[in-house]
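Trainee:
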Amino acid sequence: MAKTQVFCIAKSRTQAEQIVEGLQSSGFPNSEISILLPDTEGKHDIGHVKTSKAPEGTATGATAGGITGGVIGLLAGIGALAIPGVGPLIAAGPIVAALTGLGVGGAAGGIVGGLVGLGIPEIEAKRYDEKLRAGNYLIAVHTRTDEEEDRAEEIFKDAGAEDITKSSMSSTPKEEAARV
């Protein structure tokens, strides 16, 4: 079974919260919703790993605190990331594990490499990177059916999100067995 992620850009915290609330009220679990945003307040502790090449300059930090309060603060796995050339970011949801697991940074091409690793076409990943650098929010949701995919796209469109795209990934046999 193919699993699809639907991505979009929100231009403000209010718009991002509207999108996340729409996804939640439409039945998407918090564990399937991701958000990535610049840490413009700089109030979070960010660890830098200098001795290991595994994370390539990416490290999770302490709790994300104030900026991620409200609906965004309810998402799973909230943390701070430091990505060379991009700066501090706040991330929540499956995207945290995906970006840190992919070794975002130097050799992977920063956030673009991480997003390409998530299955986003390179041209879209570059656009998302530019939008994040400009202070926008990247939101993603995992979908398992065409109906969920359509529902997520509709929520994004209704909220006025930009740069809506999809990325399909094949499930592994282990993931399939876990769902049965």
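First residue of the sequence shown: -10, per this note's numbering; consecutive thereafter. Cβ atoms here follow ideal geometry from the backbone N, Cα and C, with glycine treated the same way.
Verify whether the separation of the beta carbon atoms of residue 129 and residue 17 is less than 8 Å.
Mentor: No, the pair does not count as a contact, with Cβ atoms beyond the cut-off.
Trainee: In the structure shown, what three-state DSSP assignment does residue 152 receive?
Mentor: Here residue 152 sits in strand by DSSP.
Trainee: Just how far apart, CA to CA, sit residue 138 and residue -8?
Mentor: Approximately 10 Å, taken between the alpha carbons.
Trainee: Looking only at its chain, what residues have a beta carbon closer than 6 Å to the beta carbon of residue 151, apart from the 5 residues adjacent to it on each side?
Mentor: The answer, listed in chain order, is -2.
Trainee: Which of the three DSSP states is assigned to residue -8 in this structure?
Mentor: Looking at residue -8 - three-state DSSP - the assignment turns out to be strand.
Trainee: Assign residue 21 to one of two classes, buried (16 or more other C-beta atoms within 10 Å of its C-beta) or exposed (fewer than that).
Mentor: Answer is buried; the Cβ neighbour count reaches 16.
Trainee: Between which two residues does the beta strand (DSSP E) harbouring residue 129 extend?
Mentor: Unbroken beta strand (DSSP E) run through residue 129: 126 to 132.
Trainee: Near residue 109, which residues of its chain fall below 6 Å by C-beta distance, leaving aside the five closest residues on each side in sequence?
Mentor: Within the same chain, residue 109 has close Cβ partners 156.
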